[in-house]
Each structure stands twice: as C-alpha cells, then as structure tokens.
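Asker: Numbering (the numbering used here), first residue to last: 43 to 285.
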Amino acid sequence: MASLAYAFLDKEGCRIGCDLMYLFLVIDEYTDRADPGTARTQVDIIMDAIRNPHNPRPNNGEWIGGEITRQFREKAIHRVSSIVQTRFINEFQAYLNAVVDQAIDRASHHIHNIKDYFKCRWDTVGSKPSFAICEMYMNIPEEVNRHPVLKKLIELATDMIIIQNDLYSYNVEQARGDDTHNLVTIVMHEFKIDIQTAINWIVELHENCATEFLKDYYNLPTFEGFEHDILAYCQCLGNWVRE
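Listed below in structure tokens is the structure:
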C-alpha cells in the first residue's frame with residue numbers, strides 16, 4: 043500500500059514511507075488495547091524517540107515501541123528536508139494526542155456525533171504525518187502549505203481515507219466490541235438507522251468528497267516557484283485515497 047501511495051519517491055523514500063506504516067501498526071496494536079494512562083505513557087515514549095533519535099533508549103524494560111520509533115526516525119532524518127521534519131513532528135504529536143483521546147473515549151464508551159467524530163478522526167487516522175512523507179524531498183513553505191485550496195484538498199483526502207478505513211475495519215471492530223470509534227457506528231447512532239442505511243449514507247458522502255476533490259485539483263491556483271512540487275504533492279494525496 044505504501045509503495046503505491048509513494049510511487050513517485052525513490053527507493054529510500056519509499057522505504058521510509060513503508061517504515062512509517064509499520065510504525066502505525068505497532069502503535070495501533072498496543073494503544074487500541076491500552077487504558078488512557080498506559081496510552082499516554084506509550085505516546086510520551088514515542089515522542090521522546092521522535093525528538094531525540096540519536097539518544098539510546100533506556101535499557102530498563104521500556105516499551106519496545108520507543109526503540110522501533112527511534113530507528114524509524116534515525117533512518118529518516120537524513121533524507122527529509124528540514125521544513126518537512128518540523129511539519130512531520132507537529133503532525134505526529136497531534137496524531138498521538140488524539141490516540142490518547144481515543145483511549146479516553148473507549149474507556150468511557152463515549153460515542154461522538156458525526157461532526158465531532160470527524161474532528162477527532164482527522165488526527166487519529168494518521169493521514170497528516172503520512173502526507174508529510176509525500177513532500178519529504180520538497181521545501182514547500184508553510185504559507186503555501188496552508189493555502190485554503192491546499193488545506194481543503196488535504197481535508198477532503200483525509201475524509202475519504204477515514205471513510206474507506208472505517209468501512210473496511212468495521213466488521214473486525216464490531217466483532218471485538220471496539221466499534222465506538224468507527225463512522226458506521228457513529229452514523230447509525232446519530233440517525234437511529236440500520237447498518238445498510240448507514241453504509242449507503244457514508245458511500246454517498248465519499249462520492250461527494252471525491253467530486254469536490256477532483257474539482258479543486260483541476261483548478262489549483264498557481265504557486266510560483268512551487269508548481270511542480272504542489273502538483274506532485276496533490277497527486278500523492280490522490281494516491282493515498284485510491285490505495
């Protein structure tokens with residue numbers, strides 16, 4: 043999946059993207075079963091490794107996620123532009139904070155409404171740090187990255203990734219009683235509807251997002267000096283949705 047999403051990167055860049063996917067899997071595997079306190083401890087270990095990749099991890103029985111994270115970051119640090127490194131760290135911190143919030147919601151059996159769920163899921167889905175890998179060799183300045191059209195494309199791509207992820211994972215999550223952080227459950231709960239009606243509603247939402255994404259993609263404004271990078275970045279967003 044990562045190889046297809048990062049198809050335009052070279053071998054080393056693609057490897058970094060694949061390593062990030064493995065890191066997400068490790069984080070999900072542990073934090074999805076953790077209480078809020080344990081999740082916060084794990085998140086703090088991860089961020090310490092992200093910020094200090096050259097420091098050896100404590101050899102005192104520390105959770106293995108710290109060393110896995112450190113190795114990922116140490117490999118990536120020499121390949122990623124300084125602008126993107128800063129962006130990645132900020133986005134990864136937001137993702138991890140949301141993971142802790144999800145653990146709190148899970149412990150209290152809290153079910154969000156649709157609007158609040160998307161606000162939370164924009165971070166827990168991990169798309170923003172994943173998108174940062176798309177621009178690992180680029181130097182897109184923050185003022186360009188935050189342009190309204192580009193922000194909208196990022197949000198639409200993230201919405202579609204959330205929808206796809208939640209549809210694919212719903213059956214497994216409901217089977218193990220961990221489906222409160224899933225759009226299918228959220229829609230069923232808010233509208234008081236059955237599963238098929240909820241899925242139909244979600245599919246229509248995805249189609250609307252795709253239509254809007256393509257409209258904005260084909261009407262990108264001119265970013266003088268960054269046209270090639272912006273086009274490649276937006277194509278990567280589209281690759282992520284398709285994969």
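For glycine and all other residues, C-beta sits at the position ideal for the given N, C-alpha and C.
Give me the Cβ distance between C162 and A145, rounded to the nearest whole Å; I'm assuming they're in contact under 8 Å.
Answerer: Incorrect: roughly 12 Å between the Cβ atoms, too far for contact.
Asker: Quick check on DSSP: helix, strand or coil for V142?
Answerer: In this structure, V142 counts as helix in the three-state DSSP scheme.
Asker: How should R188 be labelled, buried or exposed, when 16 other C-beta atoms within 10 angstroms of its C-beta is the threshold for buried?
Answerer: So R188 ends up on the exposed side.
Asker: Answer yes or no: the CB of N97 versus the heavy atoms of the ligand ADP, is any distance below 8 Å?
Answerer: Judged by which ligands are present, the structure shown has none, so any question about the ligand ADP falls away.
Asker: Do E116 and A174 have their C-beta atoms within less than 9 Å of each other?
Answerer: Result no, Cβ atoms of E116 and A174 do not sit closer than 9 Å.
Asker: Rounded to the nearest angstrom, how far is the Cβ of A274 from that of F130, given a contact under 8 Å?
Answerer: Between F130 and A274 the Cβ distance is about 17 Å, and since that is not below 8 Å, they are no contact.
Asker: For the 8 Å Cβ check, are there 3 or more pairs between the stretch 165-174 and the stretch 94-103?
Answerer: Touching, no.
Asker: Can you tell which of T83, L46, N155, G59 has the C-alpha that lies nearest to the C-alpha of Y179?
Answerer: Of the listed residues, the one whose Cα sits closest to Y179 is G59.
Asker: When the distance is taken between beta carbons, is V167 closer than 9 Å to V85?
Answerer: Not a contact, by the Cβ cut-off of 9 Å.
Asker: If you count every other CB in all the chains shown that lies within 10 Å of the CB of L65, and 16 or more means buried, which is it?
Answerer: With 16 or more Cβ atoms within 10 Å of its Cβ, L65 is classed as buried.
Asker: In three-state DSSP terms, what is W243?
Answerer: Reduced to three states, the DSSP call for W243 is helix.
Asker: Using alpha carbons as the reference points, say which of N155, C176, T200, P190 lies closest to W164.
Answerer: It is T200 whose Cα lies nearest to the Cα of W164.
Asker: Spatial neighbours of I228 within its chain, please: CB distance less than 7 Å, with the 5 preceding and 5 following residues excluded, ordered by chain position.
Answerer: Correct list, in chain order: I153, H154, I156, Y159.
Asker: May I ask which residues mark the beginning and end of the alpha helix (DSSP H) holding W164?
Answerer: Run containing W164: 156-166, per the alpha helix (DSSP H) assignment.
Asker: Can the beta-carbon of D208 be found closer than 9 Å to that of N224?
Answerer: The answer is yes: Cβ separation under 9 Å.
Asker: Within 10 angstroms of its Cβ, does V214 collect 16 or more other Cβ (buried), or is it exposed?
Answerer: Classification for V214: exposed.
Asker: Just list the alpha helix (DSSP H) runs in the stretch 56-111, keeping only unbroken ones of 4 residues or longer that don't cross its boundaries, in chain order.
Answerer: Complete alpha helix (DSSP H) runs here, min 4: 78-93.
Asker: Closest to T253 by CA distance: which of Y212, M202, G267, Q277 is it?
Answerer: Cα-wise, what sits closest to T253 is M202.
Asker: Alpha carbon to alpha carbon, what distance is there between H120 and H151?
Answerer: If I take the Cα positions, the gap works out to 42 Å.
Asker: With DSSP as the reference, label M180 as helix, strand or coil.
Answerer: Coil, per DSSP.
Asker: From S123 to G55, what distance separates their C-alpha atoms?
Answerer: Their Cα atoms are separated by approximately 12 Å.
Asker: Determine the contact status of C276 and L138, defining contact as a CB-CB distance below 9 Å.
Answerer: Not closer than 9 Å, so no.
Asker: Which value, in whole angstroms, describes the spacing of the CA atoms of Q206 and G267?
Answerer: Between Q206 and G267, the C-alpha separation is close to 34 Å.
Asker: Decide if M230 is buried, meaning its Cβ has at least 16 other Cβ atoms within 10 Å, or exposed.
Answerer: Result: buried.
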